[in-house]
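Protein chains in written order, with the UniProt record's numbering: chain C, 1 to 580; chain F, 1 to 435. Each remark here refers to the structure printed beneath this line.
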Amino acid sequence: MTLFTGSSDTQHIRGIDIILLLCVFIIFYGVFYLSQGMTVPFSMTNEPKIDLDPIMLPYYGGRSILRIFIAFIVSLLFSIVYGYIAAKSASARKILIPLLDILQSIPVLGFLSATIIMFINLFPHSLAGVEIASIFAIFTSMAWNMTFSFYQSILSEPRDLTEATKVLHLNSWQRFLHLDLPVSIIGLIWNSMMSFGGAWFFLAASEAISVMGQDIQLPGVGSYLAVATAEGNMTAMLYAIVTMLIMILLIDQLFWRPLVVWSQKFKVELSESEIQPTSWVYDILHASWLMNNIVNKVLQPPFRLVSFIISQLAAVTDRIHDELQARHQKQTALYLIKIIICLCFLYLLYSPAHSTLLNIRDVKVGDIGDAFILGTYTLLRVLAALLIGALWTIPVGVAIGLRPKLSEKLQPVIQIIASFPANMIFPFVTILFLKYNFNFEIGSVFLMILGTQWYILFNVIAGAMSIPNDLLEAASVFHITGWQKWRYLILPSIFPHLLTGLITASGGAWNASIVSEIVVWKNHPLVAKGLGAYVSQATAEGNWPQIIIGVMIMCIFVVAVNRFLWRRLYELAESRFHVE
Amino acid sequence: MNELLTLTGIGRNFKVKGAEKTAILKDVNISVKEGEFVAILGPSGAGKSTLLRIIAGLISPSAGTVSYLGHPITGVNPGVAMVFQSFALFPWLTILDNVMLGLEGKNMTKQEKEERSMKILDVVGLDGFESAFPKELSGGMRQRVGIGRALVSEPDILLMDEAFSALDVLTAENLRRDLLSLWLEKKIPTKSIILVTHGIEEAVYMADRAIILSTRPATVRENLPIPLPRWRDRKSTEFLSYVDQIYAFMTNPDTAAPADKIKKQVSVPAAEPLGSEPTLLPNVTAGALTGFLEMLADLGGKTDLYKLADRFVMDIEDFFPLVEMSNLLRFSTVSEGDIFLTPAGEAFAKASVLDRKNLFRQHLLDNVPFVRAMVQRLETDSDQKMDIDYFEDQLASSMGDSKAAQQMDLIIGWMRYAELIEYDNVSEQVYFEEP
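Following this line, the structure appears as structure tokens:
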């Protein structure tokens, strides 16, 4: 693919190119310097200490950003490979898609301790194990929706373009490069942006964690805040928040905006849309002599070479595939391959399944019953959080969505606020709760709302914006106002969007319960009765049977709520409230 | 002349959800020689596009073989290139890159590819547009890119799938002429062109031979050579008689008229449209039918079909179902490319709104057995209220779920207009209207 299609011959070196050159070097050096810190020696007794001096914050911020970007690249590769296989092979799809559905409803924070111990064992005397565990946690918060998006994009490729690639005799690699990848880029970028919002949350939660009675603190903004909170250092806490905001803003301006602008050329529709996104960074890069040369002279040649080699390989495999297809041994060969893959899976699953069974062998039925009751408390909290979230976001979202000018201005602002990890605000809210002696059983609901309300707000705004203008005009012509207007026009129109928001928020709330049902300020812990606190405490103690039971029951709750509540409401929304 | 392409005994079944198998194509035999321009015509849904995709090797046939230069093909046909109705351009590639994609599979250096693509851009009249993106071009220009991309690999056979029907009248005409002059003056090495179209005039204007398909399952109904000299005059009597003849073939599914009948005007009675096998009912609303019959009455109750289609400014894809519906209800009859209003049709066109409903109801009950059966079944039901699924399943057993749902909607629409039944969309039940 060509990255920029500007006419490079009219461009020449300008002052901006020197600044850009500096930026390129700074990025390279930064990545090199920061990544060195990832593999320093580490043991349970020799932990990295967090320094609360604000001069350290750029370094910590850099480490956090590096972690999130590594997780992002891994997620991206995972989504493309997984999504591609699921989209292209009908038999693989039957396993991969339900599996993905389950994976995305698992509350991953509950597994954090398990994964950390696993990775520490893989890299015994290095911080790399903990680093990889943290990156893995971030990965699990990013990958699923990106994978779904990529898979859906390939499946919904315009049929004529697919046929064109075939009639033009493109091999599978050329088809991937010219069709599969381009059609999915816009969706992939939007979902990556969403994933980043969630990832900050996991980053903050996974940098400082207690495992087996040990406090592990990876150098990063999340740990900085955790230490500041533990010491009761309000100024340092504020520094951490400001750093976080700056990082989110910078990544939005320097990374996402230019990507969004660039991705516009991959729109499948051939008509020009009225509003085009803009980005000053993109404009600078696009006009830069240096960038064009880096792209054309440094990046393109190796890319061409690699692409050529893969293309030759793809041509060979395609031919083998066609040969198999033409002969009738295809069936037996396919069966053999499938059986081998299944056996590999079973073999891989054997040892974790075995140790899980060993762990929960001694669990009494009563324990499971207790966990179920705790799960019910958490369920009530999740529902309360959704209800309260919906109560304020519906009127506000509709008010914004019905004013196109306002929503155009507010959208980016809300986007920034929404991607701010809510768990970084928790300590401040905790202080308020302690000061006014607020009942934390109810208070933890508000912590949940902090993180999940944005999903609802976004979708309500989108829903209000999509109300057809002629319906709004009809309402004013017929003097339908006040409650009548809400009942007959606004609520039915936003219902499907609201539902999407609620479903996403519900998933987020379950995950958030693990960090929001138990909070600590200095030495005062606030604990709310619930499954989230149960899992958190079990994790801190290293109580494996309880961790497994807690997470399993949470999965059951999440899947049950999905099946019995959300899916039914969704069907209703599809059939009744669908505005064409 | 060499035989370029041979189709023998081509059949294609689709597994539709709910039904056993639906045959789209059955025993299609076609051969195309070097130097021929062939048009494939057929009513909407006849399987023209499926046939073209089988020729291209995009779909494999359920029966029969496609041979290119005497060798049966497996997979994509190596000798073809295709032009799509929707252009199928890659929006993220420039015009030049889009055309170069036609050479991507070829073993050439990048420079050679570029030179050849620039040359073909020149041939199709897009000189100077090479660095533009498809969205910057008009529809006609986009299709020129589509044609250029197909021609750049110098295929033996050029397949065109409704290539002109997404364009406005003038642009389409301009492009047709340009393509024809490339072809007639041998400016391109293409050995044969196969054009799928629903435009009868387009076929007569461009092709050396018209292959007319029948409906479901489609088979070759007629193989009509068009030996008119080029360039053809659309107003000439010979031209119009070919157009008239093809109209006759397409509206009268069971009359096999031999090719020498062009000048004769023998009236043949219209065939019974509903046979013992459940046929697809034409997708026409009662309102459209009313408008059609009124217009026909205004024209004196008898006219040439192609003139009527012209007057409506309608595609035959939309026009033929109207004719079919009107014939089905015996409001009109068709013979030899002419349409006549029956007395009932005459009465319908002139009646008041209420009388129209009565006439429509009577004709619907008399001529659509399924409607009659539905009413009878509903009368025998204990509470005279039935799930629509019951009827839909009967349809689905012969035509598959998705077609059955569409047909059921259509039938319910007619029956509601005729005030035969009421329908509750939420409970999906039909019942009799309260008297």
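Ideal Cβ placement from N, Cα and C applies to all residues, glycine included.
For this session: Assuming Phe37(F) contacts Ala150(F) (C-beta within less than 8 Å), just tell me the rounded distance between them.
Result: Wrong, their Cβ atoms sit about 15 Å apart, outside the cutoff.
Exercise. Considering only residues of the same chain and omitting the five flanking positions on each side of Ala204(C), which have a CB-CB separation below 6 Å?
Worked result: Gly222, Pro421, Asn423 and Met424
Exercise. Under 9 Å Cβ-Cβ, which residues of chain C neighbour Val196(F)?
Worked result: Near Val196(F) there are no residues of chain C at all, since even the closest Cβ is about 14 Å away, more than 9 Å.
Exercise. Are the C-beta atoms of Pro158(C) and some chain F residue less than 9 Å apart?
Worked result: yes
Exercise. Under 7 Å Cβ-Cβ, which residues of chain F neighbour residue 603(C)?
Worked result: Outside the shown range of chain C, which is 1 to 580, sits residue 603(C), and nothing can be said about it.
Exercise. Quick check: the stretch 466 to 477 of chain C against the stretch 546 to 555 of chain C, are there 3 or more CB pairs under 8 Å?
Worked result: The count of Cβ pairs closer than 8 Å, one atom from the stretch 466 to 477 of chain C and one from the stretch 546 to 555 of chain C, stays below three, leaving the stretches out of contact.
Problem set entry | Helix, strand or coil at Asp362(C) [DSSP, three-state] | coil
Problem set entry | Beta-carbon proximity of Leu96(F) to Gly140(F), cut-off 9 Å | Taking 9 Å as the Cβ cut-off, Leu96(F) and Gly140(F) do not qualify as a contacting pair.
Problem set entry | Separation of Thr504(C) from Leu569(C), as counted between CA atoms | Distance between the alpha carbons of Leu569(C) and Thr504(C) is about 14 Å.
Problem set entry | Spatial neighbours of Ala509(C) in its chain, beta-carbon cut-off 6 Å, leaving aside the 5 residues before and after | Val382, Ala385, Met448 and Thr452
Exercise. Using the beta-carbon of each residue, which ones in chain C are nearer than 7 Å to Glu104(F)?
Worked result: Near Glu104(F) (Cβ distances below 7 Å), the residues of chain C are Leu168, Leu170 and Gln174.
For this session: Find the residues of chain C that neighbour Pro61(F), judging by a C-beta separation of less than 7 Å, and give them in chain order.
Result: In chain order: nothing, as chain C lies at least about 15 Å away.
Exercise. For Ser279(C), which residues of its own chain have a beta-carbon under 8 Å away from its beta-carbon, when the five flanking residues on both sides are left out?
Worked result: Gln253, Arg257, Pro258, Val260 and Val261
Problem set entry | Option in Leu158(F), Arg116(F), Asn223(F) and Gly337(F) with minimal Cα separation from Ile55(F) | Leu158(F)
For this session: Note down the Cα distance separating Met142(C) from Gly507(C), rounded to an integer number of angstroms.
Result: 13 Å
Exercise. CB of Thr197(F) to nearest heavy atom of the ligand MN: below 8 Å?
Worked result: Of the ligands one can find in the structure shown there are none, so the ligand MN has no counterpart to examine.
Exercise. How many angstroms separate the CA atom of Val515(C) from the CA atom of Phe202(C)?
Worked result: 10 Å
For this session: Rounded to whole angstroms, what's the CA-CA distance from Leu34(C) to Leu179(C)? Just pull it up for me.
Result: Each residue's alpha carbon lies about 37 Å from the other.
Exercise. Since Ser210(C) sits in a beta bridge, which residues does DSSP pair it with?
Worked result: Asp215(C), per the DSSP bridge assignment.
Problem set entry | Coil, strand or helix - residue 457(F) by DSSP | No answer is possible for residue 457(F): it lies beyond the span of chain F, which begins at 1 and ends at 435.
Problem set entry | Contact residues within the stretch 77 to 94 of chain C, judged by C-beta distance below 8 Å to chain F | none
For this session: Decide yes or no for the touch test of the stretch 238 to 251 of chain F against the stretch 72 to 83 of chain F: beta carbon pairs closer than 8 Å, at least 3 of them.
Result: no
For this session: Answer yes or no: does any C-beta atom of chain F fall closer than 9 Å to that of Pro395(C)?
Result: Pro395(C) is outside the set of residues whose beta carbon lies under 9 Å from a beta carbon in chain F.
For this session: Indicate whether Ala39(F) and Pro155(F) have their beta-carbon atoms separated by less than 9 Å.
Result: no
Exercise. Can you list, in chain order, the residues of its chain whose CB lies under 6 Å from that of Lys529(C), leaving out five sequence neighbours each side?
Worked result: Contacts found: Tyr377.
Exercise. Alpha carbon to alpha carbon, how far is Arg128(C) from Phe139(C)?
Worked result: Reading off the sequence shown, one finds Ala at residue 128(C), where the question assumed Arg. Taking the straight line from one Cα to the other gives about 16 Å.
Exercise. Can you tell me whether Asp53(C) is buried or exposed, with buried defined as 16 or more other CB within 10 angstroms of its CB?
Worked result: An exposed status is given to Asp53(C), since fewer than 16 other beta-carbon atoms sit within 10 Å of its beta-carbon.
For this session: Tell me whether Asp51(C) sits in a helix, a strand or coil according to DSSP, three-state version.
Result: coil
For this session: Go to Trp521(C), then tell me how far its beta strand (DSSP E) extends in each direction, as first and last residue.
Result: Per DSSP, Trp521(C) is one residue of the beta strand (DSSP E) stretching across Ile518 to Trp521.
For this session: Keeping to the same chain, check which residues put their C-beta closer than 7 Å to that of Ile262(F); ignore five residues upstream and five downstream.
Result: Residue placement at Ile262(F) is poorly supported in this model, since its pLDDT is 38, which falls under 50; the coordinates are not used for a value here.
Problem set entry | Proximity to Ile241(C) [Cα-Cα], best of Val520(C), Tyr488(C), Tyr224(C) and Leu112(C) | Tyr224(C)
For this session: Answer yes or no: does any C-beta atom of chain C fall closer than 9 Å to that of Gly64(F)?
Result: Taking Cβ atoms only, chain C never reaches closer than 9 Å to Gly64(F), which makes this a no.
For this session: Kindly identify the DSSP beta-bridge partner or partners of Asn13(F).
Result: Answer is Ala23(F), bridged to Asn13(F).
Exercise. So, helix, strand or coil for Phe478(C), using DSSP?
Worked result: In the three-state scheme derived from DSSP, where H, G and I count as helix and E and B as strand, Phe478(C) is classed as coil.
Exercise. Span of the alpha helix (DSSP H) holding Ala396(F)?
Worked result: Ile388 to Met399
For this session: Within 10 angstroms of the Cβ of Met194(C), are there 16 or more other Cβ atoms? Answer buried if so, exposed if not.
Result: buried
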